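> One structure follows; several queries about it will come next.
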Amino acid sequence: MNSRRLWLILLVVPPLLWAGNALVGRAVVGRLDPVELSVWRWTVALAALLPFTFRSLLLYRRVLLSAWPAVVAMGVCSVGAYNTLLYMAMHTTTAINATLMGSGMPLMILILARLWLGDPIRPAQLAGILVSACGMLAVVTRGDAGRLWSLELTPGDGLMMLATLAWAVYSVMLRRFALPVPALTLLTAFIVVGLVALTPFYLLGDGHAALSELGPWEWGAVAYTGLFASLVAFSFWNHGVAAVGAATAGQYSYLIPLFTALLAIPLLGERLHWYHALGGGLIFAGIFLATRRKAATS
50 MNSRRLWLIL LVVPPLLWAG NALVGRAVVG RLDPVELSVW RWTVALAALL
100 PFTFRSLLLY RRVLLSAWPA VVAMGVCSVG AYNTLLYMAM HTTTAINATL
150 MGSGMPLMIL ILARLWLGDP IRPAQLAGIL VSACGMLAVV TRGDAGRLWS
200 LELTPGDGLM MLATLAWAVY SVMLRRFALP VPALTLLTAF IVVGLVALTP
250 FYLLGDGHAA LSELGPWEWG AVAYTGLFAS LVAFSFWNHG VAAVGAATAG
300 QYSYLIPLFT ALLAIPLLGE RLHWYHALGG GLIFAGIFLA TRRKAATS
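For what it's worth, my numbering labels the leading residue of the sequence shown as 50, then goes sequentially.
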């Protein structure tokens, strides 16, 4: 199995872990401030990563400093903005609305990759995005298209759109500025930048005053988001973008609502329904359609 095909398979991992992240984000609403959760999440990630990447960070400091505008922009968009905005959105919007607002990510990435990188937009890619979008709609509307007409827009929907745009910009920049730096070292640099950007908002808020009152559930949420939804998911995503391109990787974001629904079955006691199978089948069919043609012609 070649490297590209391997990463087409492994790109399933980040959406699975980020689906868990979305559930955690909803579960701690009212217990952890969004900025507080982001800061402690990335602090845990940095503490786990830095012992292994500190020497490499020093070794590649000149490369990172020479491209500091790109490093800062990517760190702010990914570590600083995306998940913080997502957590904030969960306070004022529903899971369905948030998922629908985030559904534009593959198309955003595709358009940005075309404008910024000159990547061609292939008919198979557009077809795959549409097929996967239908699958995503089947999952979030529970097979009832009428639910779309009853949606009410909230401030959280706007925050989710900003989060989606931030992640799309980050994904395309990751390919545009392919720095000759080991992936984990680059991720460490992004975390440092993101934490620097978040710290003023954290200090100005009042969430840090309640840290002594956090219980095992809250710290468990921080540990999961810091280790799995951050280190593991970001590492797989960054490698995947480098291997298959931002546009192809972006389509895997349609798996997040599917995995969120499936995780809710064992964790929240929900039941498996026909629309889960239909939506999952369409999402995977769209991914296969968008990637198969490219593999055949490359």
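Just so you know, even glycine gets a beta-carbon here, dropped at the ideal spot from N, CA and C.
Note that the structure is predicted; figures quoted are calculated from it, not measured.
1) Just the Cα atoms here: how many angstroms apart are Leu-161 and Pro-231?
2) Among residues of its own chain, excluding the 5 on either side of Ala-310, which ones have a beta-carbon nearer than 7 Å to its beta-carbon?
3) Within the same chain, show all residues whose beta-carbon is closer than 7 Å to that of Trp-165, passing over the 5 residues directly before and after it, in chain order.
4) Within the continuous alpha helix (DSSP H) that includes Ile-336, where are the two ends?
5) Applying the 10 Å Cβ sphere with the 16-neighbour rule, what's the burial state of Asp-193?
6) Suppose the cutoff is 8 Å on Cβ atoms and the five residues either side in sequence are ignored; what does the same chain contact list for Met-154 look like?
7) Can you tell which of Thr-340, Gly-330, Leu-312 has the C-alpha that lies nearest to the C-alpha of Cys-183?
8) Mind checking whether Ala-296 and Leu-135 have CB atoms under 8 Å apart?
9) Among the candidates Thr-274, Thr-190, Ile-305, Phe-103, whose CA atom is the shortest distance from the CA of Trp-323?
10) From Gln-174 to Phe-333, what distance separates their C-alpha atoms?
11) Quick one: any contact between the segment 263-271 and the segment 52-68, if contact means 3 or more CB pairs under 8 Å?
12) Determine, using beta carbons only, whether Gly-254 and Val-84 come nearer to each other than 8 Å.
13) Pick out the complete alpha helix (DSSP H) segments inside the segment 152-183, 4 residues or longer, and give them in chain order.
14) Quick one: what's got a C-beta closer than 6 Å to Thr-237's C-beta in the same chain, skipping five residues either side?
15) Consult DSSP for Gly-74 and reduce its assignment to one of helix, strand or coil.
16) Report the residue from Leu-307, Ser-52, Ala-313 whose alpha carbon sits nearest the alpha carbon of Gly-151.
17) Please name the residue in Pro-315, Ala-119, Leu-86, Arg-341 whose C-alpha comes closest to that of Glu-267.
18) How is Pro-64 classed by DSSP in three states: helix, strand or coil?
19) Can you name, in chain order, every residue of its own chain whose Cβ lies under 6 Å from the Cβ of Cys-126, other than the five neighbours on each side?
20) Using the Cβ count rule (16 or more neighbours within 10 Å means buried), how would you classify Ala-258?
21) Residues in its own chain within less than 8 Å of Ile-305 by CB, not counting five upstream and five downstream?
22) What separation, rounded to the nearest whole angstrom, lies between the Cα atoms of Ala-246 and His-288?
23) Quick check on Arg-90: buried or exposed, where buried means 16 or more other Cβ atoms within 10 Å of its Cβ?
24) Between Leu-113 and Val-121, which are expected to be in contact by the criterion C-beta below 8 Å, what is the C-beta distance as a whole number of angstroms?
This is what the structure gives:
1) 25 Å
2) Val-188, His-325
3) Val-221, Arg-225
4) 323-346
5) exposed
6) Thr-213, Trp-216, Ala-217, Gly-299, Ser-302
7) Gly-330
8) no
9) Thr-190
10) 13 Å
11) no
12) yes
13) Taking only runs of at least 4 residues, the alpha helix (DSSP H) segments lying wholly in the segment 152-183 are 154-161.
14) Around Thr-237: Leu-98, Thr-102, Leu-106.
15) helix
16) Per the Cα distances, Leu-307.
17) The candidate whose alpha carbon is nearest that of Glu-267 is Leu-86.
18) Pro-64: helix per DSSP, three-state reduction.
19) Ala-215, Val-218, Tyr-219
20) With a pLDDT of only 46 at Ala-258, under 50, the local geometry of the prediction cannot be trusted, and no value is derived from it.
21) Pro-64, Trp-67, Ala-68, Ala-71, Thr-148, Gly-151
22) Their backbone Cα atoms lie some 24 Å apart in a straight line.
23) buried
24) No, Leu-113 and Val-121 are not in contact; Cβ-Cβ is about 10 Å, not under 8 Å.
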